[in-house]
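Protein chains in written order, with the UniProt record's numbering: chain A, 1 to 612; chain B, 1 to 612.
One structure is given below, encoded as structure tokens.
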């Protein structure tokens with residue numbers, strides 16, 4: 001009853017029309033975790049056995065240029081479920097895996113809410129990682145039924161979370177903690193699907209199921225049969241490959257359950273990975289396969305975002321076909337609603353329906369331009385061209401030279417390995433794609449790489465005396481505070497001066513006594529990297545270096561929540577004559593309560609101190 | 001055959017005599033993990049249900065003043081197995097849980113080697129944490145049979161180690177990795193005992209079994225029945241109590257297996273915890289029970305080292321008796337050999353046989369003096385008196401004032417809570433017990449707390465200029481390098497100046513030009529706390545502060561392995577006149593390969609720079 005009422009309200013709100021008389025198709029949306037770009041036999045991984053995936057590819061459509069909306073878990077999932085960019089969904093970073101931390105804002109409309117509004121039974125099975133408060137857990141985000149873990153990963157047998165805070169249990173069914181000690185989580189997921197489908201068997205409404213399987217994310221815990229099968233491969237591929245075949249086996253079991261329940265025929269099944277494979281030490285520094293692509297989890301090179309993607313719907317979607325057109329995780333929202341004949345407000349989302357392209361091999365992709373933004377990195381793909389601002393590469397396939405500018409331009413059709421930066425060769429293309437980025441609601445001038453142009457000012461190359469230490473990463477580099485170059489949005493560019501836990505307190509000695517009108521302090525916010533803007537800047541001036549008078553104070557951004565990567569300029573105006581200028585930038589101290597690193601020392605990154 | 005040959009050689013070496021004709025008793029030595037001092041019903045924990053432990057206490061002898069030889073895992077276990085102090089066993093710190101790291105030196109003789117030499121079947125079941133190289137794993141340390149994990153802890157269902165490096169599997173039988181995915185480890189341990197006893201049933205020789213159960217160490221993973229039983233207790237006691245009852249249940253199952261196998265009657269069963277409960281965040285910051293005692297895992301107050309201890313041997317050892325005399329983990333080596341009629345070289349060990357005290361309630365403890373040494377802390381117990389040097393208290397029951405001197409004296413009979421420091425009131429007792437400490441092979445003058453006496457020297461209160469930064473814990477404290485007070489063995493005493501990863505490079509400006517004959521740099525080694533002595537000290541002198549000449553260089557200790565807590569004075573002699581003295585102490589940089597923090601920045605702690 002509650003579902004119907006909710007449905008009715010949402011229909012009114014979204015202005016949709018539903019004909020509940022016709023039985024609509026079911027939807028099974030499978031999202032895997034940290035799977036390499038080409039980690040399937042049908043994608044070219046020659047050392048893998050993945051019969052279930054290969055069968056899906058035979059039974060449906062396989063994409064060669066499908067993109068994750070983000071190179072890490074939470075934002076990729078937020079985008080999938082909202083049909084928006086992670087920025088649009090207000091969740092551009094990983095959310096905490098600790099209980100009590102919110103995630104996807106409740107005002108965001110999830111695909112589950114829309115399907116539910118259209119009369120569907122909705123279920124979440126598996127990983128969540130989109131909020132760990134009652135109002136951001138699955139049952140309050142559109143799912144009638146939910147079974148799985150709320151944090152980023154679990155031990156597959158004890159269902160414990162080990163990677164932050166206390167070692168603790170994390171397995172839930174509909175908001176209630178459930179203990180299933182010792183039982184293999186992928187098996188539990190498939191069993192849950194079976195039981196759930198049985199429970200709604202008599203229901204005349206179809207189902208929408210989000211099956212977020214936590215494989216092959218660490219901890220790498222494959223079935224014994226696959227461990228044995230791959231035992232002769234070198235580590236870390238050995239364990240990862242075994243985990244991939246374990247994943248494949250459970251995808252097979254899942255589809256078998258649908259078949260047994262008699263619903264496979266009328267179910268649209270989508271499979272996608274959330275992003276590329278991980279190079280974390282927890283994962284033995286790798287093991288995934290991305291063939292020629294550079295980059296991995298966390299990067300905007302192809303290895304971080306190009307993901308294996310399949311769709312099948314017997315007799316409705318072509319079998320054994322390949323699509324080379326671009327698709328993205330934000331597109332499933334409109335695509336699936338389209339296939340199910342449920343209307344939606346295109347203006348409220350950023351994705352595009354891929355229905356036509358899936359059905360017709362000659363249809364072009366509706367995705368003309370796609371943009372990513374993650375940390376300080378951003379990227380634009382249009383046609384065969386791709387521009388990255390501030391690229392990162394966890395696979396370290398080639399060095400990245402920030403001094404030469406941080407625009408990285410490639411033609412994907414000619415160089416899918418992205419080893420050659422064409423930015424210098426095609427400046428108009430850089431400009432054109434930069435403009436496309438800035439046209440986007442979440443693309444800002446401030447995000448653009450800088451020219452590293454020297455700016456002269458009164459304090460240029462002043463003598464710098466530190467009264468409080470820098471972080472060791474900036475040892476001996478305090479002169480950079482006044483070297484005429486400002487730090488970029490990449491904290492590791494070598495221009496920032498870092499302070500860990502403590503304030504910056506410096507005295508600048510000018511070459512001669514000068515009239516001072518304005519003092520500006522540049523600061524960086526990159527909260528995911530534990531970098532916070534100062535909470536206040538205070539300036540004192542002196543003619544003799546001994547007797548100081550106050551020049552001014554300015555409150556600053558500090559620990560405001562969810563400021564992503566942002567450069568700030570904190571200015572204080574006044575009128576004074578001075579040779580010595582004492583600048584104090586106050587560190588927020590400890591990371592705030594809501595931050596995943598809560599209680600640790602905060603970094604403060606400062607550059608440049610400009611004196612006019 | 002191999003066992004017999006080995007036995008023969010060891011007998012020759014140790015000069016023992018064994019009468020293999022008489023069937024000797026079996027030995028089951030149970031060591032629990034992170035169990036609170038009073039965490040049994042029979043010890044006074046009113047909220048616990050521990051019927052198996054209570055039954056053991058009824059069937060045998062319960063100790064009220066039994067001590068762990070160390071307040072953390074590895075050294076406590078090394079002492080148990082060698083009958084020596086951890087220092088005597090050359091393993092005073094936790095060893096790494098990563099494969100490839102050695103532990104207990106092979107030249108140490110374990111109790112298993114002696115029992116094996118006396119013709120016993122020897123078995124290790126459970127946790128090891130005494131070395132993870134082929135030559136330091138159980139089968140090479142005297143155990144015919146071994147089953148368990150090599151690191152410090154595991155997930156009880158996946159048998160994965162999560163707390164350092166890659167997330168990886170850690171379950172072994174006789175040096176071969178075995179996978180038993182999803183099976184509860186305590187259950188596997190008991191099953192292994194059953195199978196092992198069956199396998200040696202036809203053997204005429206008795207067995208010695210070390211059953212090192214990994215409970216109630218984190219991760220806290222109790223059986224569901226106990227989770228339910230304690231559900232109304234507050235956290236973290238709730239989970240910990242459930243884990244305690246789970247431990248109790250498996251001790252019961254273990255003894256049932258012995259009974260079923262018909263060997264319980266002729267088996268000496270010893271139970272002891274390795275040390276007090278943990279206050280680590282992994283463990284929800286606590287949960288264990290130590291009643292009135294202060295301190296926990298890591299501390300030399302009673303809560304860290306006084307442990308529940310039981311022994312039973314039907315019809316041979318008195319039933320339902322309590323012993324208030326002191327006993328320690330090092331005493332099981334001689335005690336058990338004594339009970340089994342196997343001779344040993346008392347001079348080669350530090351423990352004492354408790355046989356007489358166990359059999360006769362009126363016999364005094366043979367332990368007249370017992371000493372501990374852990375990190376910078378050390379302690380001596382003699383009679384009712386206990387003296388601690390540099391105490392720590394993870395339970396934070398009361399502050400510790402290092403400025404007043406770091407000797408902490410208590411009379412345990414009158415104040416088992418150790419809340420009142422009697423050191424100032426009984427200086428002779430402090431002196432007497434300090435002497436007892438220094439009488440010990442591993443007690444050094446250098447370990448003694450200092451008077452914080454100001455020492456005048458030429459550099460006293462010189463102007464200090466830092467050319468490389470201190471660690472932030474020493475921000476603005478560089479003047480302490482020449483304040484006339486030297487740092488103690490407690491790195492957190494407030495006197496040391498810390499450098500993280502980088503060298504110390506300072507210029508001391510003396511009040512006037514002086515004749516310099518000797519420059520001495522004090523340094524600390526506390527490798528467990530990631531603090532290493534410098535690898536070299538270099539000194540330059542100058543009259544004008546601009547033109548420097550070399551005064552001298554001295555190589556220093558640096559990253560020598562297993563230097564525990566140690567203060568070093570690095571002196572350079574010469575002859576010069578100077579007003580400015582530049583002192584460079586070279587940090588080892590990164591923690592060395594053998595260290596558990598391998599690859600991280602090393603701390604270097606300096607104080608005092610004395611100029612004569």
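C-beta atoms are modelled at their ideal positions from N, C-alpha and C, and glycine is treated no differently.
The beta-carbon separation of residue 134 of chain B and residue 146 of chain B, rounded to 12 Å, does not stay under the 8 Å limit for a contact. Judged by DSSP in its simplified three-state form, residue 350 of chain A adopts coil rather than helix or strand. Each of A:279, A:284, A:523 was checked against the Cα of residue 587 of chain A, and the nearest Cα belongs to A:523. Assignment of residue 273 of chain A by DSSP, reduced to helix, strand and coil, places it in the strand class. In the three-state reduction of the DSSP assignment, residue 382 of chain A falls in the strand class. Residue 472 of chain A reaches chain B at 469, 471, 500, 501, 502, 601, counting residues in chain order whose Cβ is nearer than 8 Å. Separation of residue 106 of chain B and residue 82 of chain B (C-alpha to C-alpha, rounded to the nearest whole angstrom) is 11 Å.
Using a Cβ-Cβ cut-off of 9 Å, residue 246 of chain A is close to nothing in chain B; its nearest Cβ partner there is about 11 Å away. The DSSP assignment places complete beta strand (DSSP E) segments of no fewer than 3 residues inside the stretch 163–226 of chain B at 207–212, in order along the chain. Within chain B, the C-beta atoms nearer than 8 Å to that of residue 224 of chain A come from 179, 181, in chain order. DSSP places residue 358 of chain B in the uninterrupted alpha helix (DSSP H) bounded by 355–359.
Neighbours of residue 465 of chain B across chain A, judged by C-beta separation under 7 Å, do not exist; the nearest C-beta is about 10 Å away. Judged by their CB atoms, residue 610 of chain A and residue 520 of chain A are nearer to each other than the 7 Å cut-off. Residues of the stretch 290–316 of chain A with a C-beta less than 9 Å from any C-beta of chain B: none at all.
Secondary structure remark: continuous beta strand (DSSP E) runs of at least 3 residues inside the stretch 431–468 of chain A, in chain order: 463–466. By the criterion of a C-beta distance shorter than 6 Å, residue 336 of chain B is surrounded in its chain by 27, once the five residues flanking it on both sides are discounted. In the structure shown, residue 75 of chain B adopts helical secondary structure according to DSSP, grouped into three states. Against chain B, the CB of residue 173 of chain A has no partner CB under 7 Å away; the residue lies outside that interface. Around the beta carbon of residue 479 of chain B, fewer than 16 other beta carbons lie within 10 angstroms, which makes this residue exposed.
In this structure, the straight-line span from the alpha carbon of residue 511 of chain B to that of residue 554 of chain B is close to 26 Å. Under a criterion of Cβ atoms nearer than 8 Å, the residues of chain B adjacent to residue 155 of chain A are, in order, 155, 157, 158, 160, 162. For the pair residue 79 of chain A and residue 85 of chain A, the CB atoms are nearer than the 7 Å cut-off.
By the CB criterion at 7 Å, residue 333 of chain A and residue 393 of chain A fall outside the cutoff.
Using a CB distance cut-off of 7 Å, residue 281 of chain A counts as an interface residue toward chain B. Look at residue 372 of chain A here: in three-state DSSP terms it is strand.
Contact annotation: in the stretch 184–207 of chain B, residues whose CB is within less than 9 Å of a CB in chain A are 184.
Among the residues facing chain A, residue 598 of chain B is not included, as its CB has no counterpart in that chain under 7 Å away. Scanning chain A for C-beta atoms nearer than 7 Å to the C-beta of residue 132 of chain B yields nothing, as the closest lies near 17 Å away. For residue 59 of chain A, no beta strand (DSSP E) segment is defined; the enclosing uninterrupted segment is the alpha helix (DSSP H) at 51–59. Listed along the chain, the chain B residues whose CB falls inside 9 Å of the CB of residue 218 of chain A are 166, 167. When rounded, the separation of the alpha-carbon atoms in residue 423 of chain A and residue 313 of chain A is 42 Å. Counting only Cβ-Cβ distances below 7 Å, residue 395 of chain B has no contacts in chain A at all, with the closest Cβ about 18 Å away.
Non-local C-beta neighbours of residue 612 of chain A in its own chain, meaning closer than 7 Å and more than five positions away in sequence, comprise 457, 458, 517, 518, ordered along the chain. Residue state for residue 245 of chain A is assigned as helix, using DSSP reduced to three classes. The beta carbon of residue 477 of chain B sits closer than 8 Å to the beta carbons of 470, 497 from its chain, once the five residues preceding and following it are set aside; these are given in chain order. Contact holds between the stretch 183–191 of chain A and the stretch 250–265 of chain A, because three or more Cβ pairs, one in each stretch, are under 8 Å apart.
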